[in-house]
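Note sheet for the following structure.
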Ligand code: TXA
Ligand code: MG
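In my numbering, the protein residues as written are 10 to 328.
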């Protein structure tokens, strides 16, 4: 699709699919979403089923306007409005008391629902034309990395969904920041593309860092991931891994001496921003190449780097 001027016939067709109760994957500025009519519990049940998602893990409702968001959640004060003014459309998901019309299955039986207005012309046009909020998790099978291009979606859902709107690679590559604003101080349930520093610059009380619903279920590649802190002796580490017969990959930021004999080398010159864009594709590639161990240098944990490091650490956790 033409990302900046979405073709109206394609939007029309996709919106009709949504209204008819089918699933359509679409690009957002973070990652691709797997969308369906968020007000229809049967369709939302289908999203959970196709994705293999645990029923206790709620879905984000995607909206195209603030009015639409306020028809789904309630009890927002001025500070919440300020967040919407500042970050919408954009990668900030707000978790707030649900209105009754949101089906329980969307919020996994919880009192709180989540809403976000994506900063992507294709997503916004689709939601607007469909006329309903679109429930959409990231468009990956549970246990796979989030999709950052249409091919990733196809890899996971070929033959299973009605359409994929191909808007090219996504912008951030890292998911939205999930912020619980149902009480103060607000709580970050998932670090993401909007940084903690950006939130705190705006809010009267700094955000707390909290646990998300499903932190135990994070994506882990087949390879063992070693999160590499600054100053780690990577030459010795890789030599040892290689001599044990492992296929070893490395993801590294500055220009350093890259160890010899590696099976996969990814150099990130563009800091956390480039790292975020490429992270999930690196995981998918490592899986395809049957890499046994990936050494991943951690970015400096400020701004977007905190969200990138969060994903690397979670991938590195032992199950
Ligand atoms: O960037 C994104 O947020 C992407 C794009 C497609 O919008 N979506 C996405 O959805 O990452 P998903 O389902 O893969 O992750 C949503 C996260 C989960 O960790 C979920 O537990 C949390 O948001 N979440 C959603 N609704 C919630 C709620 N009502 N209360 C608490 N956490 C919620
Ligand atoms: Mg996801």
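C-beta: ideal position from N, C-alpha, C; glycine also.
Among the options, the one whose alpha carbon lies nearest that of residue i
i	options	result
residue 158	167, 192, 143 and 179	179
residue 171	52, 325 and 313	52
residue 13	28, 175 and 212	175
residue 219	18, 187 and 265	187
residue 266	257, 249, 99 and 242	242
residue 194	214, 177, 185 and 26	214
Cut-off 7 Å between Cβ atoms - residues of its own chain near residue i, not counting five sequence neighbours on either side
i	result
residue 162	34, 41, 148, 156 and 173
residue 150	60, 61 and 165
residue 5	Any answer about residue 5 is impossible in this case: the structure gives the chain only from 10 up to 328.
residue 276	261
residue 116	67, 107 and 122
residue 401	With the chain covering only 10 through 328, there is no way to say anything about residue 401.
Proximal residues to residue i (C-beta, below 6 Å), its chain only, five neighbours per side dropped
i	result
residue 37	127, 129 and 132
residue 78	72 and 124
residue 233	302
residue 30	52
residue 89	190
residue 136	71, 73 and 143
residue 138	20 and 24
residue 141	46 and 48
Anticipated Cβ contact below 8 Å, residue i with residue j, distance rounded
i	j	result
residue 294	residue 268	Their Cβ separation, rounded to whole angstroms, is 19 Å, which puts residue 294 and residue 268 out of contact at 8 Å.
residue 114	residue 23	So it is not a contact: roughly 23 Å between Cβ atoms.
residue 46	residue 28	7 Å
residue 251	residue 279	Not confirmed; about 28 Å, so no contact.
residue 134	residue 205	Wrong, their Cβ atoms sit about 31 Å apart, outside the cutoff.
residue 203	residue 101	5 Å
residue 237	residue 310	Rounded, the Cβ-Cβ distance is 13 Å, inconsistent with contact.
residue 230	residue 324	6 Å
residue 154	residue 228	5 Å
| How would the residue list near the ligand MG read, in chain order, if you kept each one whose beta-carbon is closer than 7 Å to any heavy atom? | 146, 147, 149, 155 and 184
| field | Meets three-Cβ-pair contact criterion under 8 Å: the region 117–125 and the region 98–108 | value | yes
| Within the chosen definition, does the region 297–307 reach the region 205–212 through at least 3 CB pairs nearer than 8 Å? | no
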